[in-house]
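S.K.: Residue numbering for the sequence shown follows my numbering, starting at 610 and increasing by one per position.
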Amino acid sequence: MANLRDIRRRIKSVKNTAQITKAMQMVAATKMRRAQQAAVALRPYASRLDDMTANIYAGMGPNEVSHPLLQERKKSGKTAVVVLTSEKGLCGPLNTNLLRDVLKNDDAGKVYISVGRKGRQVLVRMKKNLLADFELKDSPTFAESKAISRFLLQKFEENQFDAVEIYYNRFVNTLSQIPTRFPLVPIGAETLAVAKALGDSKRAERTQTSPDGKPNATPSYNFEPDAAELLGKLLPYYVHLLVYEKILESRASEHSARMVAMKSATDNAKQLVKDLTLEYNKARQAAITNEILEISSAAAMVA
Numbered sequence: 610m611a612n613l614r615d616i617r618r619r620i621k622s623v624k625n626t627a628q629i630t631k632a633m634q635m636v637a638a639t640k641m642r643r644a645q646q647a648a649v650a651l652r653p654y655a656s657r658l659d660d661m662t663a664n665i666y667a668g669m670g671p672n673e674v675s676h677p678l679l680q681e682r683k684k685s686g687k688t689a690v691v692v693l694t695s696e697k698g699l700c701g702p703l704n705t706n707l708l709r710d711v712l713k714n715d716d717a718g719k720v721y722i723s724v725g726r727k728g729r730q731v732l733v734r735m736k737k738n739l740l741a742d743f744e745l746k747d748s749p750t751f752a753e754s755k756a757i758s759r760f761l762l763q764k765f766e767e768n769q770f771d772a773v774e775i776y777y778n779r780f781v782n783t784l785s786q787i788p789t790r791f792p793l794v795p796i797g798a799e800t801l802a803v804a805k806a807l808g809d810s811k812r813a814e815r816t817q818t819s820p821d822g823k824p825n826a827t828p829s830y831n832f833e834p835d836a837a838e839l840l841g842k843l844l845p846y847y848v849h850l851l852v853y854e855k856i857l858e859s860r861a862s863e864h865s866a867r868m869v870a871m872k873s874a875t876d877n878a879k880q881l882v883k884d885l886t887l888e889y890n891k892a893r894q895a896a897i898t899n900e901i902l903e904i905s906s907a908a909a910m911v912a
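1) From which residue to which residue does the beta strand (DSSP E) around LEU739 run?
2) Would you list, in sequence order, the uninterrupted beta strand (DSSP E) runs of no fewer than 3 residues that lie entirely inside the region 701-725?
3) Compare the beta carbon distance of PRO749 and TYR853 with 9 Å and say whether it is the shorter of the two.
4) Hey, out of CYS700, GLU888 and VAL781, whose CA is closest to VAL649's CA?
5) Name, in chain order, the residues that DSSP records as bridge partners for ILE577.
6) Need the endpoints of the beta strand (DSSP E) that THR688 sits in, please.
7) Closer than 6 Å by C-beta to LYS872: which residues in its own chain qualify, once you throw out the five before and the five after it? Chain order, please.
8) Work out the CA separation of ARG867 and GLY701 for me, nearest whole Å.
9) Where LYS621 and MET641 are concerned, what is the direct C-alpha to C-alpha distance, given to the nearest angstrom?
10) Roughly how many angstroms separate the alpha carbons of TYR847 and ALA756, rounded to a whole number?
11) In angstroms, rounded to a whole number, what distance separates the CA positions of ALA667 and LYS697?
12) Between the C-alpha atoms of SER906 and ALA870, what's the straight-line distance to the nearest angstrom?
13) If the criterion is Cβ atoms closer than 9 Å, does the pair ASP747 and GLU681 meet it?
14) State the CB to CB distance for the pair LEU739 and VAL731, rounded to an integer number of angstroms; the pair is presumed to be in contact (CB under 8 Å).
15) Taking C-beta to C-beta, are VAL690 and ILE775 nearer than 9 Å?
16) Relative to the alpha-carbon of ILE629, which residue among LYS683, LEU699 and ARG614 has its alpha-carbon at the smallest distance?
17) At which residues does the alpha helix (DSSP H) containing GLU838 begin and terminate?
18) Please name the residue, chosen from ARG617, SER675 and ASN778, that lies closest to ALA861 on a Cα-to-Cα basis.
19) Using the three-state DSSP reduction, which class does GLU681 fall into: helix, strand or coil?
20) DSSP three-state label for GLU774, please.
21) What's the C-alpha gap between LYS683 and HIS676?
22) Looking only at its chain, what residues have a beta carbon closer than 8 Å to the beta carbon of THR875, apart from the 5 residues adjacent to it on each side?
23) Near TYR889, which residues of its chain fall below 6 Å by C-beta distance, leaving aside the five closest residues on each side in sequence?
24) For LEU887, count neighbouring Cβ atoms within 10 angstroms of its own Cβ and tell me buried if that reaches 16, exposed if not.
25) Looking only at its own chain, which residues have a Cβ that is under 6 Å from the Cβ of TYR728, when we skip the five neighbours before and after it?
26) Look at ARG759 and HIS849 and say whether their C-beta atoms are less than 9 Å apart.
27) Of all the options ARG709, ALA752, PRO653 and LYS687, which has the alpha carbon lying nearest to the alpha carbon of LYS764?
28) For ALA637, count the other beta carbons within 10 Å of its own beta carbon; 16 or more makes it buried, fewer makes it exposed. Which is it?
29) Which residue comes first and which comes last in the alpha helix (DSSP H) that contains LYS736?
30) VAL724: buried (16+ other C-beta within 10 angstroms of its C-beta) or exposed?
31) Rounded to a whole number of angstroms, what is the C-alpha to C-alpha distance between VAL711 and PRO653?
32) If we call anything under 9 Å between Cβ atoms a contact, is ARG920 one with ASN706?
As C-alpha cells, this is what we get:
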C-alpha cells in the first residue's frame, strides 16, 4: 500500500503542476497577443521611416554625407553588443539559442549592454565586459526604450566604441522566433539601399498607373531645411525607432515562446497523469489479487 500512496501523491503533484502551467499558458497567451499587435503595428511606420531616410540619403551626393552615424571609424577598436533577452525564464530555448550566437561571435574587442535579466546573468557568469544593464517591462513604451538608444548614441559620440550591433529574437510567428544579429551603428549604405528598394517597390505596387491609365511620374521633393540638415535630425530618431522595433520583436518572441512552452508542459503533465493513473490501477489490482489469493490460501489450509 505504500507504493499506492506514493503514486497517489505523484498524481496529485502532477495535477497541481498542470494547473499552474495552464494558468501561465493563458497569461502568456494574453500578453503574446498584445505584444504581437504592438510589433506588427509598428512595422508599417518603421518601414515608412526607412524609406524616407533612404530616399533623402540617396538624393544626396557622397560628398554631402558627413554625419557620424553614417561613417565607419576605427578609434577605440571596440564594438558594443546589445543583447535583448527576457526578464523571466520558462520560455523554452529562446534565450539559450540567442546567447549561444552571442558567445560564438565573442572577441576581446566587444563590450556588452544587456537588456533583460537572463542575458545579464549569463554575461556576468561568463565574466564578459558588461558596460551597462537595462530592465524593461512586459510592454515597454517608446520613451522607455529611448533611454537605451540615448545611452548608445552618447557613448558612441564619446568614442567609447566604434560600432553597435543588436542581438534579438526576430518574431516570425507564434511557433518561430529566429535569433538575429542586426548592425545598428554606423548605419550602412547597404541598409539604406535595401530600405529604398523596398520603398520603391511598395510605391510601385500602390500606384502603378494614374486614373487615366498613364504611369505615374516619380515624385520629387524640395527640403527645408536642406536635405543634409534634415538627415542629421532624422538619423538619431531612426536609431531610436530601430531599437524600439527590436525590443518589441523580442518581447513578442518571448511571450510566444513562453505560451508554447507552457502548453507543451501542460500536455506533458496530462499525459503523465494518464500514465500514473494506469500504473496506479495496475498496482491496486495486483494488491487486490494478492489479498484474494491470501484469503483463498488461508481458507484452503483451514479446510
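Even for Gly, the Cβ is constructed at its ideal location relative to N, Cα and C.
M.R.: Reading it off the structure:
1) 739-743 is the extent of the beta strand (DSSP E) around LEU739.
2) Fully enclosed beta strand (DSSP E) runs of 3 or longer: 719-724.
3) In this structure, TYR853 lies closer than 9 Å to PRO749 by Cβ.
4) Considering only alpha carbons, the answer is VAL781.
5) Because the chain here runs from 610 to 912, residue 577 falls outside it and cannot be looked at.
6) Going by DSSP, THR688 is part of the beta strand (DSSP E) stretching over 688-693.
7) A distance below 6 Å between beta-carbons, with the five flanking residues on each side excluded, links LYS872 to the following residues of its chain, in chain order: GLN634.
8) Taking the Cα positions, GLY701 is about 7 Å away from ARG867.
9) Straight-line Cα distance between these residues: approximately 30 Å.
10) Note on geometry: alpha-carbon atoms of TYR847 and ALA756 lie some 14 Å from one another.
11) Per the coordinates, the alpha-carbon of ALA667 lies some 43 Å from the alpha-carbon of LYS697.
12) Taking the straight line joining both Cα atoms gives about 53 Å.
13) No; because the gap between Cβ atoms is not below 9 Å, this pair is not in contact.
14) The distance from the Cβ of LEU739 to that of VAL731 is about 10 Å, inconsistent with a contact at the 8 Å cut-off.
15) Yes. Within cutoff.
16) Of LYS683, LEU699 and ARG614, the residue nearest in Cα terms is LEU699.
17) The continuous alpha helix (DSSP H) containing GLU838 extends over residues 836-911.
18) When C-alpha distances from ALA861 are compared across ARG617, SER675 and ASN778, the shortest belongs to ASN778.
19) In the structure shown, GLU681 sits in coil (DSSP, three-state: anything other than H, G, I, E or B).
20) GLU774 falls in the strand class under three-state DSSP.
21) Roughly 16 Å separates the two Cα atoms.
22) Around THR875: ALA627, THR630, LYS631 and GLN634.
23) ILE616, listed in sequence order.
24) By the neighbour-count criterion, in which a residue is buried when 16 or more other Cβ atoms sit within 10 angstroms of its Cβ, LEU887 is exposed.
25) The question names Tyr, but residue 728 is Gly in the sequence shown. Closer than 6 Å at the Cβ level, and outside the excluded window around GLY728, lie VAL692 and THR694.
26) It is a contact, given that the beta carbons lie within the stated cut-off.
27) It is LYS687 whose Cα lies nearest to the Cα of LYS764.
28) In summary, ALA637 is buried, with 16 or more beta-carbon neighbours lying within 10 Å of its beta-carbon over all protein chains present.
29) Premise fails: LYS736 is in no alpha helix (DSSP H) and is neither H nor E.
30) The residue is buried, with at least 16 neighbouring Cβ atoms inside 10 Å.
31) Spanning the two alpha carbons is a distance of roughly 29 Å.
32) The structure shown does not extend to residue 920, since the chain is modelled only from 610 through 912, so no value can be given for it.
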